[in-house]
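Colleague: In our numbering, the protein residues as written are 8 to 406. Virtual Cβ for every residue (Gly too), placed ideally from N, Cα, C.
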Amino acid sequence: MKRSVLTLALLLALFVSTVPVLAKAPTGFESGVSTSELQQAYADGTIHILIVPGHEPMYGGAVYQGVYERELTVEISNKLSQLLEQNPHYEVTVARTGDAWNPSLNNYFDRNMKSIKKFVDTQKKLMKKLVRKGTVEERGEEEQVDHATAPDDVALRLYGINKWANENDVDLVLSLHINDAPDHGEDTPSAYAGFAAYVPDPQYGNAGPSRDIAEAIVPRLSALNAVSTLPGEGDGVVEDQELIAIGSYGTLLVPSVLLEYGYITEPKFTNTEVRKTVADDYAYQTYLGLQDFFKAPISTKYPTLALPYQFAGTPAVGSSSPAVYSLQAGLHTLGFYPAATSSSAIATHTPSLALCSVSGLMNGCTIDAIKAFQKKNSLEQTGALGPKTRTLLNSLIGI
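1. Evaluate contact between the stretch 77-90 and the stretch 103-110, counting only Cβ atoms and requiring at least three cross-stretch pairs below 8 Å.
2. Quick check on Leu392: buried or exposed, where buried means 16 or more other Cβ atoms within 10 Å of its Cβ?
3. Please report the straight-line C-alpha distance between Ser328 and Gln335, rounded to a whole angstrom.
4. Comparing C-alpha positions only, which one of Ser43, Arg164 and Val264 sits nearest to Ile58?
5. With a CB to CB cut of under 7 Å and the five nearest residues on each side skipped, what residues in its chain are close to Val161?
6. Count the other CB atoms within 10 Å of the CB of Gln89; is the residue buried (16 or more) or exposed (fewer)?
7. Nearest by alpha-carbon distance to Glu148: which of Pro274, Arg139, Ala204 and Gly239 is it?
8. What's the gap between the Cα of Ala447 and the Cα of Ser306?
9. Put Val28 into one of helix, strand or coil per three-state DSSP.
10. Based on Cα-Cα distance, which residue from Lys383, Phe380, Ile377 and Tyr344 lies nearest to Ser364?
11. Starting from Gly367 and walking both ways along the alpha helix (DSSP H), at which residues does that stretch end?
12. Could you tell me which of Leu295, Glu145 and Leu260 sits nearest to Val180, measuring between CA atoms?
13. Is the distance from the Cβ of Ala376 to the Cβ of Ala346 below 8 Å?
14. Over what stretch of residues does the beta strand (DSSP E) that includes Ile54 continue unbroken?
15. Based on the DSSP secondary-structure assignment, which residues constitute the bridge partners of Pro207?
16. Identify every run of the beta strand (DSSP E) within the stretch 88-161, keeping only runs that are complete inside it and at least 3 residues long; order them along the chain.
17. How would you label Lys378, buried or exposed, when you count the other beta carbons within 10 angstroms and need 16 or more for buried?
18. Whole angstroms is fine: what's the gap from Met65's alpha carbon to Asp117's?
Structural data, given as structure tokens:
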């Protein structure tokens with residue numbers, strides 16, 4: 008009898024030892040999966056990605072000249088979901104459409120708001136305790152980029168998304184946004200441009216793989232887009248302690264990256280003719296970055312869906328079109344955009360994609376780049392996409 012009890016105890020101990028448990032990060036927050044474990048999970052099976060288009064259905068987000076961030080982020084999310092779902096290693100959930108939450112999340116909000124509030128309160132108390140003990144360092148305002156504070160009900164739903172992700176086998180959360188700054192007027196653009204990838208503060212348990220994912224995505228985005236010119240965002244990857252979407256107060260156990268694709272006042276967003284082209288490209292570059300992270304890179308000739316492209320006409324100065332977007336992308340790929348001698352492109356004597364973005368707008372930056380291309384190839388420097396220039400470009404980047 009004693010031998011049977013001892014055997015049973017040994018078996019029970021062996022079983023318990025094989026059940027995975029969440030470890031504690033050195034700071035006291037629960038740690039989730041590591042980078043290598045996440046990459047191995049992709050190699051062995053399926054990764055569940057939750058894509059969260061920034062803000063809420065029909066509410067919130069940046070607005071400029073009738074352009075709504077919350078609508079743009081849905082466009083990018085849908086394209087990214089489409090690209091990811093072509094890969095059997097991904098299972099994708101998109102948090103919302105333009106006018107409704109995903110039914111699973113909507114039901115979760117309806118049925119679990121009390122438990123969400125309790126969850127947030129618990130995590131905030133834990134944070135205070137860890138700060139008081141000196142285990143966690145609370146970042147000061149001067150150490151972080153300033154962000155708008157979400158209304159209480161919106162904040163609770165954001166925390167609810169984190170809690171839902173923790174409980175529903177989500178492996179990665181991507182929150183997609185368009186940036187904004189308070190310096191612009193109704194019809195006056197911001198002085199800032201470019202993208203940034205926000206990741207959790209290093210003291211949070213999901214910080215390590217989150218940063219590694221962001222560092223894989225940033226080079227893909229920077230192939231055709233400027234890194235943000237806002238002070239604090241210039242490194243491309245930005246650590247943050249307070250953004251709910253990436254797990255403030257340690258509320259998110261899984262890796263999370265919040266992408267600010269650019270500033271809403273940039274021409275690439277305000278020109279309706281190219282908006283879909285721009286959205287598709289951001290999604291594509293994000294997808295390529297994820298593939299790089301998971302060690303399954305996609306071999307591509309161009310960093311954009313806009314190439315190759317067969318040019319057939321001469322865009323008018325001041326016009327905006329997918330053709331001009333492809334022209335700018337092509338000239339950038341060939342090393343002519345922005346032109347080194349462009350008065351439109353130079354900021355402190357450095358050609359800048361922040362000042363001359365790939366926007367689809369036939370402006371001075373584009374004209375200067377065409378002239379540089381023409382000069383290099385012994386063509387008349389008209390700055391226009393005439394027949395000879397088109398023929399040569401088509402031979403280099405055409406279909």
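Modeller: This is what the structure holds:
1. yes
2. Buried, because 16 or more other Cβ atoms sit within 10 Å of the Cβ of Leu392.
3. 11 Å
4. Val264
5. Glu63 and Gly67
6. exposed
7. Gly239
8. It is not possible to answer for residue 447, since the shown part of the chain is limited to 8 through 406.
9. Annotation note: pLDDT 41 at Val28 (below 50); position unreliable, coordinate value reported separately. Residue state, collapsed to three classes: coil.
10. Tyr344
11. For Gly367, there is no enclosing alpha helix (DSSP H), as DSSP gives it neither H nor E.
12. Leu260
13. Yes; because the gap between Cβ atoms is below 8 Å, this pair is in contact.
14. Ile54 to Pro60
15. Asp247
16. Runs found: 97-101.
17. buried
18. 18 Å
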